[in-house]
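For the sequence shown, the positions run 1090 to 1193 when this note's numbering is used.
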Amino acid sequence: MDGYGVIIEEIRSCGRDAVTAGEDTGRVDLPAAVSGVEPALPGSASAGSASTLSMVWKTRLRTLGDDVVRLGTDLGGTAEEYAHNEATARANLETADRRHRRHE
1090 MDGYGVIIEE IRSCGRDAVT AGEDTGRVDL PAAVSGVEPA LPGSASAGSA STLSMVWKTR
1150 LRTLGDDVVR LGTDLGGTAE EYAHNEATAR ANLETADRRH RRHE
């Protein structure tokens, strides 16, 4: 295909997939990977670092998940806007065609 094109259903599908991925990302318990460090090494620098790392991972994963959900939602909205504009353009062309045929 030459030039610009839009496959509305593909945009919808990408949006749904992004929402699912974002929701899944928000449920990942990455902090659990370092949860045993603090009790295993109480009072150590590693224990404090593991606690900090755990909080950072939790915040970043939640933010990433929220951002990906927002992207997916925006893609879904974009698909709906494209579909609406296509329907409006189709209706306008059909109206113009009917008017043209009446004047032939």
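Glycine included, each C-beta is placed from N, C-alpha and C at the ideal position. Predicted, not measured: the structure shown is a model, and the values here were computed from it.
Can you give me the C-alpha to C-alpha distance between residue i and residue j, rounded to a whole angstrom?
i	j	result
A1180	G1115	42 angstroms
D1186	A1176	15 angstroms
K1147	L1119	7 angstroms
A1168	G1154	21 angstroms
Y1171	V1095	8 angstroms
L1164	L1130	46 angstroms
Can you name the start and end residues of the alpha helix (DSSP H) that residue i belongs to?
i	result
V1123	That residue, V1123, is in no alpha helix (DSSP H); it is neither H nor E in DSSP.
D1091	Where D1091 is concerned, there is no enclosing alpha helix (DSSP H), given that its DSSP letter is neither H nor E.
E1193	Looking at the DSSP string, E1193 is not in any alpha helix (DSSP H), and its letter there is neither H nor E.
Which term fits residue i, buried or exposed, when burial requires 16 or more other beta carbons within 10 angstroms of its beta carbon?
i	result
A1107	buried
A1134	exposed
In chain order, which continuous runs of the alpha helix (DSSP H) of length 4 or greater are located wholly inside the stretch 1126-1151? 1126-1129
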